[in-house]
Structure formats: structure tokens, C-alpha cells
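Read through the structure below, which is laid out as C-alpha cells, and then see the notes.
Protein chains: 4
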Amino acid sequence: MANSKFEYVRLFEQPDALLPNTWIVVRLDGRAFTKMCAKYKFTKPNDRRALDLMNAAAKAVVSDLPEITIAYGVSDEYSFVFHKTCNLFERRASKLVSTVVSTFTANYVYYWATCFPDTPLSFPLPTFDGRAVCYPSVENLRDYLSWRQVDCHINNLYNTTFWALVQLGGLENKDAEKALAGTVASDKNEMLFSRFQINYNNEPEMFRKGSVVFRDYELVDPESHQVAEDMDSLAEPARQSKTQTEKDRRRRSKARLVVEHLDIIKDDFWDRRPWILSNKPGLAPKEP
Amino acid sequence: MANSKFEYVRLFEQPDALLPNTWIVVRLDGRAFTKMCAKYKFTKPNDRRALDLMNAAAKAVVSDLPEITIAYGVSDEYSFVFHKTCNLFERRASKLVSTVVSTFTANYVYYWATCFPDTPLSFPLPTFDGRAVCYPSVENLRDYLSWRQVDCHINNLYNTTFWALVQLGGLENKDAEKALAGTVASDKNEMLFSRFQINYNNEPEMFRKGSVVFRDYELVDPESHQVAEDMDSLAEPARQSKTQTEKDRRRRSKARLVVEHLDIIKDDFWDRRPWILSNKPGLAPKEP
Amino acid sequence: MANSKFEYVRLFEQPDALLPNTWIVVRLDGRAFTKMCAKYKFTKPNDRRALDLMNAAAKAVVSDLPEITIAYGVSDEYSFVFHKTCNLFERRASKLVSTVVSTFTANYVYYWATCFPDTPLSFPLPTFDGRAVCYPSVENLRDYLSWRQVDCHINNLYNTTFWALVQLGGLENKDAEKALAGTVASDKNEMLFSRFQINYNNEPEMFRKGSVVFRDYELVDPESHQVAEDMDSLAEPARQSKTQTEKDRRRRSKARLVVEHLDIIKDDFWDRRPWILSNKPGLAPKEP
Amino acid sequence: MANSKFEYVRLFEQPDALLPNTWIVVRLDGRAFTKMCAKYKFTKPNDRRALDLMNAAAKAVVSDLPEITIAYGVSDEYSFVFHKTCNLFERRASKLVSTVVSTFTANYVYYWATCFPDTPLSFPLPTFDGRAVCYPSVENLRDYLSWRQVDCHINNLYNTTFWALVQLGGLENKDAEKALAGTVASDKNEMLFSRFQINYNNEPEMFRKGSVVFRDYELVDPESHQVAEDMDSLAEPARQSKTQTEKDRRRRSKARLVVEHLDIIKDDFWDRRPWILSNKPGLAPKEP
Chain E
1 MANSKFEYVR
11 LFEQPDALLP
21 NTWIVVRLDG
31 RAFTKMCAKY
41 KFTKPNDRRA
51 LDLMNAAAKA
61 VVSDLPEITI
71 AYGVSDEYSF
81 VFHKTCNLFE
91 RRASKLVSTV
101 VSTFTANYVY
111 YWATCFPDTP
121 LSFPLPTFDG
131 RAVCYPSVEN
141 LRDYLSWRQV
151 DCHINNLYNT
161 TFWALVQLGG
171 LENKDAEKAL
181 AGTVASDKNE
191 MLFSRFQINY
201 NNEPEMFRKG
211 SVVFRDYELV
221 DPESHQVAED
231 MDSLAEPARQ
241 SKTQTEKDRR
251 RRSKARLVVE
261 HLDIIKDDFW
271 DRRPWILSNK
281 PGLAPKEP
Chain X
1 MANSKFEYVR
11 LFEQPDALLP
21 NTWIVVRLDG
31 RAFTKMCAKY
41 KFTKPNDRRA
51 LDLMNAAAKA
61 VVSDLPEITI
71 AYGVSDEYSF
81 VFHKTCNLFE
91 RRASKLVSTV
101 VSTFTANYVY
111 YWATCFPDTP
121 LSFPLPTFDG
131 RAVCYPSVEN
141 LRDYLSWRQV
151 DCHINNLYNT
161 TFWALVQLGG
171 LENKDAEKAL
181 AGTVASDKNE
191 MLFSRFQINY
201 NNEPEMFRKG
211 SVVFRDYELV
221 DPESHQVAED
231 MDSLAEPARQ
241 SKTQTEKDRR
251 RRSKARLVVE
261 HLDIIKDDFW
271 DRRPWILSNK
281 PGLAPKEP
Chain W
1 MANSKFEYVR
11 LFEQPDALLP
21 NTWIVVRLDG
31 RAFTKMCAKY
41 KFTKPNDRRA
51 LDLMNAAAKA
61 VVSDLPEITI
71 AYGVSDEYSF
81 VFHKTCNLFE
91 RRASKLVSTV
101 VSTFTANYVY
111 YWATCFPDTP
121 LSFPLPTFDG
131 RAVCYPSVEN
141 LRDYLSWRQV
151 DCHINNLYNT
161 TFWALVQLGG
171 LENKDAEKAL
181 AGTVASDKNE
191 MLFSRFQINY
201 NNEPEMFRKG
211 SVVFRDYELV
221 DPESHQVAED
231 MDSLAEPARQ
241 SKTQTEKDRR
251 RRSKARLVVE
261 HLDIIKDDFW
271 DRRPWILSNK
281 PGLAPKEP
Chain P
1 MANSKFEYVR
11 LFEQPDALLP
21 NTWIVVRLDG
31 RAFTKMCAKY
41 KFTKPNDRRA
51 LDLMNAAAKA
61 VVSDLPEITI
71 AYGVSDEYSF
81 VFHKTCNLFE
91 RRASKLVSTV
101 VSTFTANYVY
111 YWATCFPDTP
121 LSFPLPTFDG
131 RAVCYPSVEN
141 LRDYLSWRQV
151 DCHINNLYNT
161 TFWALVQLGG
171 LENKDAEKAL
181 AGTVASDKNE
191 MLFSRFQINY
201 NNEPEMFRKG
211 SVVFRDYELV
221 DPESHQVAED
231 MDSLAEPARQ
241 SKTQTEKDRR
251 RRSKARLVVE
261 HLDIIKDDFW
271 DRRPWILSNK
281 PGLAPKEP
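Take a look at the structure:
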């Protein structure tokens with residue numbers, strides 16, 4: 001039996017392949033997480049269990065999709081970076097976004113019981129939405145990640161001070177808001193220290209810097225190459241055979257994934273880990 | 001602290017709003033479900049537990065997003081139809097697709113233990129990808145749904161016969177394939193009946209017709225209106241106030257959702273349920 | 001000699017086909033026409049030679065592209081409507097827009113000497129930019145055209161009064177502006193009549209209504225069909241053979257093109273000319 | 001009078017801004033130029049008047065749009081490169097394409113009488129279609145231009161030999177085709193030389209290399225900078241004030257435009273003219 005009479009409807013599907021040779025960032029955000037936080041009584045300003053759960057889900061995504069070279073998460077959002085040479089799903093935006101979001105969500109729900117053993121999930125379940133953005137140059141890509149990490153810093157300093165005022169200082173929410181209106185970073189640092197003896201720099205790095213997921217190879221001595229100068233050529237891998245590409249992909253998929261809380265704005269992070277931009281597997285890390 | 005130095009990266013995000021006044025279909029498909037079927041030993045040709053799980057997840061999606069007017073599922077795929085007047089997420093494709101896929105996935109993982117109480121999930125978890133397609137007219141939309149239901153019929157008749165040959169007839173897979181090569185529908189019906197005493201029309205409707213999710217209101221007598229003629233004007237709701245629109249949305253979100261296994265190709269299904277195309281809530285169904 | 005080393009750059013070209021089964025409007029606008037008007041001393045508020053030139057160029061476009069079913073122009077803009085079934089250039093936006101703009105521009109420059117025999121062109125030459133927009137329903141399409149014609153009316157009434165105040169009333173431009181600030185249509189009509197004995201309704205129809213380009217067939221008695229009801233089905237032509245489609249295309253390309261100045265907001269225009277929405281050639285017009 | 005009832009139709013216009021920080025190439029092609037060549041009896045294999053006309057029109061485009069940094073033409077096609085920092089028309093594809101095509105067409109029709117003084121234009125007039133493509137890196141952009149120039153070489157060698165066989169050798173078209181089937185470049189060179197005493201390398205450079213339009217500044221000694229290494233950083237202009245950008249734009253718009261016939265595949269062309277990729281005006285050229 002032919003299906004031809006109705007099959008014309010396939011022609012309405014419009015192509016959405018992303019521009020070749022650009023870095024693809026898929027960012028996902030929790031939907032209605034303010035309500036979620038209240039419903040499940042997440043600790044303020046940061047709930048370590050909730051962040052651990054985000055990180056576990058993100059690690060599963062990077063593990064399932066070796067084309068992802070780095071991921072960065074903060075609060076209820078996570079950004080996944082596909083290397084600019086990536087050709088997964090022929091770079092179709094909807095396939096990339098939906099696959100990342102679906103894998104993240106599946107793992108988030110699955111790991112919930114591990115991170116919140118005493119708090120069963122209830123309806124509506126936690127969900128995420130996502131979008132894809134292309135960045136043509138390494139500079140643009142690093143600026144994107146810097147933008148997210150600066151945002152993490154700004155929000156976390158604010159929230160840490162706000163909740164200190166409320167939880168330790170006994171202020172009402174709206175009074176804490178007023179107390180913070182117009183303050184700059186140094187004011188908040190000062191407020192935390194003088195009123196509550198909190199040194200912001202001693203706060204956990206996970207809260208202050210967010211979380212970075214990447215493959216763990218042996219660090220490279222930044223002195224050994226002209227890192228800043230080499231950035232773009234690093235990202236331009238030598239043309240190689242399909243066999244080699246497939247071999248690299250397999251090596252990447254076997255590499256150990258780590259979640260760390262590092263500064264990714266400064267050059268040092270990138271200089272020591274050239275494989276992130278080059279997408280070429282590094283050396284196995286030395287045993288400790 | 002200003003975040004301006006890096007914030008320019010937001011300009012790289014490209015708009016993806018779908019054309020107004022068109023029906024939006026978001027279809028999702030299971031990723032690598034052939035492997036899934038083998039891993040979890042799904043019954044062939046149809047696993048009722050797996051279909052029940054798909055339907056439970058789909059019902060949760062339609063319940064969470066009252067802008068969806070109907071959904072249709074078969075095998076490991078599901079199509080969700082947003083009414084052409086829908087303005088959810090300003091009709092942004094990536095938000096619509098990712099929200100549907102995320103909600104579906106969350107519920108699929110959540111309900112797994114209910115449908116497969118003896119088979120715990122293992123990695124990689126089940127995931128789905130999705131895409132959005134716009135259809136300008138009611139005719140195009142119905143042809144899309146007909147296309148999926150015809151596909152369901154073709155595949156299910158083939159699979160039913162194939163697995164009868166293998167499971168009841170003792171054929172090897174490749175011999176069953178050969179036996180079916182070049183056959184038409186009537187040949188398969190005949191094969192099922194003469195060799196295995198199976199009357200295909202007695203197979204469960206869920207397998208033969210797929211599953212339709214919609215809101216349950218009192219059926220309308222198709223004689224009472226010129227249904228075929230009214231189709232397009234039905235879909236053109238009178239302009240109404242925001243209050244009325246919001247009131248309708250709430251009424252829809254409270255309506256009882258049903259999952260049925262009906263013919264959605266013929267007019268009758270649509271004639272009796274004008275609220276699906278009009279997006280205007282119907283009357284509460286009569287108590288039985 | 002193979003060209004393969006560089007040929008990969010073709011992959012960067014991104015598809016831009018417009019959604020099937022929607023009306024395509026290509027609108028073009030004169031670039032920097034305020035300067036043009038000053039340079040070539042166009043008559044204010046309307047220069048008949050300049051409008052004749054626009055119309056001649058538009059007629060050439062409709063003649064060269066029989067897929068265009070109607071065009072509407074006012075001032076330095078023109079809108080060309082491709083029937084929703086049109087498949088010219090596989091509906092690629094850039095091809096449609098650039099072809100319309102190029103054909104219009106070529107004819108505008110070519111006919112310049114005819115319309116402005118005493119004013120040779122000088123650099124920079126007159127140019128136009130364009131864009132394509134899709135409309136899913138007949139209602140949307142007619143609303144688009146009504147929008148342009150209402151705009152024509154609003155602007156022309158304003159300009160007619162403004163230039164009467166300046167040219168006949170001796171006001172400075174900025175004083176005329178002030179005199180018109182806050183006035184409604186009836187105020188301007190009154191101003192024209194009481195101060196300058198101008199009855200706006202006696203102004204030329206070309207200025208008040210803009211110009212409509214279409215193929216001229218025998219008018220249809222609106223009583224003979226349920227026009228309002230039939231609008232959408234009219235636009236849904238019966239499926240027909242390629243031969244028939246090609247025959248229709250040739251008949252359209254031979255039909256006489258007219259430029260008229262009619263109300264295209266009310267139903268009457270459309271009721272009498274069903275071929276515009278149906279894209280089916282009408283009967284040859286009766287000889288006068 | 002408000003225009004609000006119909007104005008909603010503006011919402012159907014979909015944004016088409018091209019990805020920031022990418023090189024934009026607008027390529028236009030003559031429509032139905034095979035017919036044109038026959039109608040106006042263009043000389044085969046190259047008509048110098050027709051190429052001069054293409055070049056005059058291209059020069060006018062580059063002159064009108066100082067955001068174009070280089071243009072390359074061959075036969076009836078021309079490619080215009082907008083610098084990757086260009087923000088003209090907010091990078092909207094339809095505006096960029098239509099403006100280039102319209103300006104080119106206007107000048108082509110205008111200059112026709114100069115280049116073909118004895119051959120008046122007739123209907124249908126010559127027209128062009130166009131499209132925009134983005135290239136993220138300098139390497140991609142140069143590969144695009146190399147692709148076009150290699151194409152020029154391949155086609156011109158073929159055409160030169162083909163028409164020598166026909167015009168000088170007395171062959172029928174189809175016999176010349178057969179004679180060339182399966183030949184490589186060296187075969188054609190040999191054929192030209194041994195049969196017709198034509199040394200292909202002595203053919204005019206305009207025919208063999210196509211035409212390059214760019215601004216003429218003082219050439220730079222390629223020894224003076226690490227050209228290959230600097231390519232990408234060259235293209236990354238220092239952030240500068242709006243005043244400076246505007247000043248640069250004005251200087252560019254005053255620079256002398258030249259049309260030359262050079263090899264743009266090798267590095268030398270680019271090394272000596274760093275302003276093309278940097279978009280920073282060079283020094284005024286030394287007087288000869």
C-alpha cells in the first residue's frame with residue numbers, strides 16, 4: 001500500500017542546519033525553577049544537592065555525546081559546546097537541542113532519588129528548555145563562556161549577601177533588597193565580612209565559579225607553546241582521514257570526565273588544556 | 001558590577017519564531033529504540049507496556065501544555081499539535097520543541113517503573129529528539145495526521161505478519177522478509193488468516209490505529225453543522241478578549257484528557273469533536 | 001582539472017525556501033527616494049510621471065513573471081503577490097526577491113527617458129530594496145493589501161493638505177506641520193475644502209487609491225457565487241495535471257495586463273475577479 | 001485615522017539577519033544569459049564589451065557600498081564581499097542581496113549604451129538574481145574566492161579550445177564537444193598550440209583570471225609582516241570609536257577603485273594588500 005497521497009506533507013519540514021565551521025553552544029535552562037526551589041525546599045542561596053544533580057546530568061550528556069568538548073553550568077542552566085568541526089546530526093539545530101535537552105532531563109529525573117533520597121518527585125516534573133547559538137571564532141566562544149561565569153559571580157555574590165541579611169541578619173526579604181540596592185561588589189564583600197564575618201573568597205568554589213565538565217588529560221605546560229597566539233590555529237585541526245577522526249572520537253568517548261570549579265575567563269585554563277579547543281585527544285593523565 | 005564587556009555575545013542568538021497563523025506540529029522520535037527494544041526485551045511486534053508508557057508521557061505533555069489541541073502517537077514517535085492561534089513562547093521553535101521533548105522525557109523516565117516494574121532502567125537512558133513543522137491549512141494538518149496513521153497501518157500489518165511467520169511459523173528473520181517481499185495488504189491479510197487463523201481486523205485497535213490524545217467534551221451531532229464546509233471557518237475563532245482567551249485556556253487545562261484508538265483520517269472523528277480545530281472548549285461530557 | 005579542494009565552500013550556502021501553501025508577497029521600496037525627489041524636482045505631493053514610471057516597471061515585472069497574480073503600488077513602493085501554489089525557484093526567498101527587484105530596477109532605468117524626457121539620470125542611480133513575507137490565509141493576504149491601501153489613503157490625505165497649506169496657503173513647512181498636528185481625516189477634508197476649495201474626493205484616483213496591476217478577464221457577476229464563503233475554496237485550486245498547469249501559465253502570460261486605481265479593501269473587487277485568488281485564467285474580456 | 005486593524009500583518013515578516021562576525025558574500029548571476037548572448041550576438045568565447053559592462057556595474061556597486069571590501073567577477077556572475085564587521089542594514093540578508101542586485105542592474109542597464117553603442121536593449125531586459133552566504137573564517141572566504149577563480153580558469157580553457165575548434169577548425173559544435181570529452185588541462189593546451197598556434201598563457205588576463213575590484217592603496221612589502229600567520233589577526237580590527245569607524249568609512253568611500261585581473265588564489269595578492277582583510281584604509285598610492 002502506497003502512502004503517497006499524504007506524503008507531500010513532508011515538504012513542509014524546513015531545514016535548520018547551523019552554519020559550518022562555527023562553535024555550537026546549546027544552553028538549557030530549568031523551567032519554572034523558582035517554583036521548584038520552593039516546592040522541594042532547596043537550600044538558599046545554593047543547594048549543593050541540586051547542583052550535584054545538575055552536574056550528574058551534565059556529565060551524562062557529555063559522556064553520551066563525545067562531540068561536546070566542554071560544558072559549563074551554574075544554577076539551573078547548563079551550556080554545552082560542540083566543536084566547530086562537529087557534524088553530528090548534520091548540525092541540525094532541532095536535533096542537537098532536543099537531544100541535549102532530552103538526555104539531560106532523563107538523567108536529571110533518573111538521578112533525583114540519589115541526590116534527594118528523602119524527597120520524592122511530584123508533578124509537574126522538572127523540565128528544561130534549550131536553544132542553540134553559533135559562534136564563529138574562539139574569541140566569541142570564550143567571551144560567551146566568560147559572560148556566563150561573570151554572571152555566576154555577580155548573582156552568587158548578590159544572593160550570598162541577600163540570604164545572609166535574611167537568614168543571619170533577620171531582615172525581611174524586601175528590606176534585604178533595599179539594603180543591597182545600588183551596592184557594588186566591594187560593598188557586598190564588606191557587608192558580608194563586617195556584619196557576618198563571612199569572607200566571600202572562602203565560599204565554596206562550586207558556588208562562586210560554577211561547574212566545568214571536560215575530559216581529563218595530562219595538563220600541558222603553557223610555556224611550551226605560544227598559547228594566546230596559537231589559539232585559532234589550535235582550533236583548526238589538520239585535515240585527517242575518517243578513520244583517524246573516528247579513532248579520535250572513540251578515544252574521547254573513553255576519556256575520564258571531570259567536573260571542576262575553575263576560572264575559565266583567564267587564559268590559564270585554556271593554555272593547559274589545548275585539547276578542549278583542538279578537539280584532539282590529549283595524553284592520558286599521569287597517575288597520582 | 002557591569003557585565004557589558006562580554007554581553008555582546010547575546011547578539012549571536014538568532015530568532016526562530018514560527019510563521020503566525022499556522023498549525024505547529026512538534027514530532028518526537030525515540031533515539032536508538034531498536035537497541036532499546038532488544039535491551040529491555042520488548043514484545044514483538046507490539047509491546048503493550050511500552051505503548052502505555054508512551055501514552056502516559058504524551059498525556060502529561062498535553063496536560064502541562066493546554067495550547068496543544070491533539071496528539072497522535074505510534075510506536076516510538078508522538079506528534080503534538082499546537083493550535084494555529086497559539087502564541088506560547090512567542091512561537092519560538094527551539095523553546096516549543098525543547099519543552100515538549102523535555103516534558104515527554106521526564107515523564108517517560110518517571111513512569112518507567114510503573115509500566116516495567118520488573119525491569120529497572122540502565123544507561124544510556126531512553127531519550128527522544130524532536131522537530132517542529134508548520135502547516136498553513138486545516139487540510140495540510142489533517143493530511144499530516146493521516147500520513148502518520150496510514151504509516152502506522154502499513155507498518156503494523158507488515159510487522160504483525162512478519163512476526164507471525166517468525167514466532168508462529170518458525171521462519172528465520174531473513175526468510176520471513178523474503179516471504180513478504182512484493183506483497184500487498186490483501187496478501188498479508190490472507191497470509192495471516194490462512195496460515196495462522198489471525199483475522200487482522202481483530203488485532204487490538206491500539207496496534208492498528210495508534211493512539212490519539214485529546215480533551216473529552218460532549219460529542220456533537222455531525223448532522224447539526226455543515227462539517228466539511230465549516231472546517232476552515234471552524235478553525236478561525238472569533239476574535240475575543242484576553243480575559244475570554246485566558247478563561248478558555250483554564251477550562252481546557254481542566255478538561256479530562258483521554259487516550260483513544262480511533263480513525264482520524266475520515267471526517268467523522270473531526271465532525272464530532274469540533275473543539276479540536278476550533279480550540280474553543282466544548283460542553284462537559286454527559287455522565288454515563 | 002578537478003575543483004574539489006575549494007568546492008566545500010558550497011556547503012555554507014543555507015537553504016531559504018519559503019513555507020509551501022502560503023501567499024508570498026515581495027515588497028520593494030525605493031532607496032533614498034527623499035533625495036531622489038529633491039534631485040529630480042518631483043512635483044509635490046504627487047508626481048504623475050514618477051508614478052507612471054513605477055507602474056510601467058511593475059507591469060514589466062508581472063508580465064515577466066506570470067506566477068504573480070496581483071501587484072499593488074503606492075509612492076515609491078510596490079508589492080507583488082505570488083499565488084500560494086507557486087513553485088517558482090523552489091520558493092527560494094533570495095531568488096524571488098532578487099529577481100523581482102532586478103526586473104523592476106532594469107525597467108525603471110530603461111523607461112526613465114520615456115517618463116522624464118527632459119531630465120537625464122545621474123549618479124547614484126535609482127535603486128530598490130526588497131523582502132519576502134508569507135501569508136497563510138486569504139484573509140491575511142487581503143489584510144496585507146488593505147494595510148497598504150489604508151496607508152496610501154492616510155499619507156495622501158496628509159500630503160495633499162500639507163502641500164496645499166505650503167503651495168497655496170503660503171505656509172512654511174514647519175508651520176504646515178504644526179497646523180496638521182493632531183488633526184483627523186475629517187479636519188483635513190474640511191481644511192482642504194474651506195481654505196482651498198479642494199474636494200479631496202475629486203483628487204485623481206491614482207493618488208488616493210494607488211495602483212493595482214492584474215490580468216484582465218471578463219468580470220464575474222458577484223451574485224453568481226457565494227463569494228465571501230467561497231474565498232478560501234476559491235484559492236484552493238483543484239489538483240490538475242502538469243500539462244494543464246503549464247497551459248494555464250501560458251494563458252496567463254498572454255492575458256492583457258491592466259493598471260487600475262480601485263478599492264481593493266472591499267469585497268467587490270475580489271468578487272468580480274475570482275481568477276486573482278484562484279490563479280485560474282478567466283474568460284477573455286468582452287470587446288467594448 | 002488609525003491603521004491598526006490591518007497592521008497586525010507586519011508580524012508575519014520574519015527576521016533574516018546574518019550571523020555576526022562572519023564574512024558575507026553576495027553573489028549575483030545573470031538570468032537566462034545564454035539567450036542574451038545569442039540575442040545580442042556576444043562574441044565567443046569572451047565578449048570584451050560584455051565583460052567591461054559587468055565590471056562597470058560592479059565598480060558602481062563597490063563605490064556605492066563602501067562596506068564591500070573586494071569583488072570578483074567572471075562571465076555573467078559577480079561576488080561582493082562585505083567585511084565580517086559590517087553592520088549595514090543590520091546584516092539583513094534580503095536588504096543586502098536586493099540592494100546589491102538592484103544597484104548592479106541599474107548600472108548595467110544605464111551603461112549598456114556605452115558598451116554596446118550600436119545594439120539597443122530590447123525586452124526582456126537583462127536581469128540578475130542573487131544570494132548571500134556567510135563564511136566564518138578568512139580561510140573559508142579565500143577558499144570561496146579561489147573556488148570562483150579556479151572555475152573561471154577551467155571554463156575559460158574549455159571554452160577557448162571549444163570555440164577554436166569550431167571557429168578556426170571548422171568543427172560542428174557537437175563534434176567539438178566530442179573532441180574535448182575526457183581531456184585534461186594539458187590536452188587542451190596542447191590542442192590549442194599544435195592545431196591553432198595559440199599559446200593559452202598569452203590569452204588576455206581578463207579572460208583567464210576574471211576581474212577583481214578593490215580600493216587602490218600603496219602596496220605593502222610582504223616581507224614586512226608575517227603575512228600567513230597574521231591573516232586572522234589582521235582581519236580582527238582593534239576595537240575603535242564610532243568616530244574612527246565613520247572616518248574610515250569615508251576614507252574608503254573616497255579611495256580610487258581599480259579593476260584588475262590578478263591571481264587571488266596565491267598569498268601574494270593578499271600579502272601586498274592587507275587593507276582588504278583588515279578593512280582599515282591603507283596609504284594613498286604613490287604617484288607613478
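Those protein sequence lines, which keep their order, are chains E, X, W and P.
Just so you know, the UniProt record's numbering puts 274 at position 274 of the first sequence, and the rest follows in order with no gaps.
Just so you know, the UniProt record's numbering puts 228 at position 228 of the second sequence, and the rest follows in order with no gaps.
Just so you know, the UniProt record's numbering puts 169 at position 169 of the third sequence, and the rest follows in order with no gaps.
Just so you know, the UniProt record's numbering puts 177 at position 177 of the fourth sequence, and the rest follows in order with no gaps.
Ideal Cβ positions, reconstructed from N, Cα and C, are used throughout, including at glycine.
Residue state for E:R272 is assigned as coil, using DSSP reduced to three classes. P:W23 has P:Y135 as its beta-bridge partners, per DSSP. Identification of residues in the UniProt domain "tRNAHis guanylyltransferase catalytic" (6-136) of chain W having a C-beta nearer than 7 Å to some C-beta of chain X yields L19, N21, T22, C134, P136, given in sequence order. Contact residues of the region 138-165 of chain P toward chain W are N140, D143, Y144, S146, W147, V150, D151, I154 (C-beta to C-beta distance below 7 Å). A direct Cα-to-Cα measurement between P:K247 and P:Y144 gives close to 30 Å. In the three-state scheme derived from DSSP, where H, G and I count as helix and E and B as strand, P:F123 is classed as coil.
DSSP, reduced to helix, strand and coil, places W:L165 within a helical segment of the structure shown. Contact between E:F214 and E:R273 holds: CB atoms are separated by about 7 Å, below the 8 Å threshold.
Contact between P:T103 and W:T127 holds, since their C-beta atoms are separated by about 5 Å, short of 8 Å. Residue burial annotation: X:V258 is exposed, with fewer than 16 other C-beta atoms found within 10 angstroms of its C-beta. Check the Cα spacing between X:L19 and each of W:K5, W:K209, W:E67, W:A132: the tightest is with W:A132. Closest by C-alpha distance to X:E260, out of X:G210, X:T69, X:P281, is X:G210. About 14 Å separates the CB atoms of X:V212 and X:L277; that is not less than 8 Å, and the two are not in contact. Beta-bridge analysis with DSSP links X:E77 to X:D29, X:V74.
One thing to note: E:L28 has its Cβ within 9 Å of the Cβ of E:V100. Between the region 83-94 of chain W and the region 150-158 of chain W, the count of Cβ pairs shorter than 8 Å is below three; the stretches do not touch.
Looking at the backbone, the Cα of P:L219 and that of P:R256 are separated by about 14 Å. Its Cα nearest to that of X:Y200, the residue X:N155 stands out among X:G182, X:D221, X:N155. Taking X:A57 as the centre and dropping the five residues before and after it, the same chain places the C-beta of F104, N107, Y108, Y111 closer than 7 Å to its C-beta, in chain order.
Following the DSSP letters along the chain, one finds W:R251 inside the alpha helix (DSSP H) bounded by residues 242-254. In the three-state reduction of the DSSP assignment, X:T99 falls in the helix class, which pools H, G and I. C-alpha of E:R249 to C-alpha of E:Q240: approximately 13 Å in a straight line. In the three-state reduction of the DSSP assignment, P:E260 falls in the strand class, which pools E and B. Secondary structure at P:I68: strand, using DSSP grouped into helix, strand and coil. By alpha-carbon distance to E:T22, the top candidate from E:C134, E:F162, E:K44, E:D16 is E:C134. Look at P:F82 here: in three-state DSSP terms it is strand. Under the three-state reduction of DSSP, P:F128 is assigned to strand. Assigned with DSSP and collapsed to three states, X:F42 falls in coil, not helix or strand.
Collapsing the DSSP output to three states places W:V62 in a helix. Going by C-alpha positions, P:V62 is about 14 Å away from W:L125. Residue pairing of E:V213 in beta bridges, as defined by DSSP: E:A71, E:V259.
Taking 9 Å as the cut-off, the Cβ atoms of P:V138 and P:F82 do not count as close.
DSSP, read as helix, strand or coil, puts X:A17 in strand.
E:F80 and E:A71 do touch by the CB rule: their CB atoms are close to 5 Å apart, below 8 Å. Under DSSP, W:R92 shares a beta bridge with W:A17.
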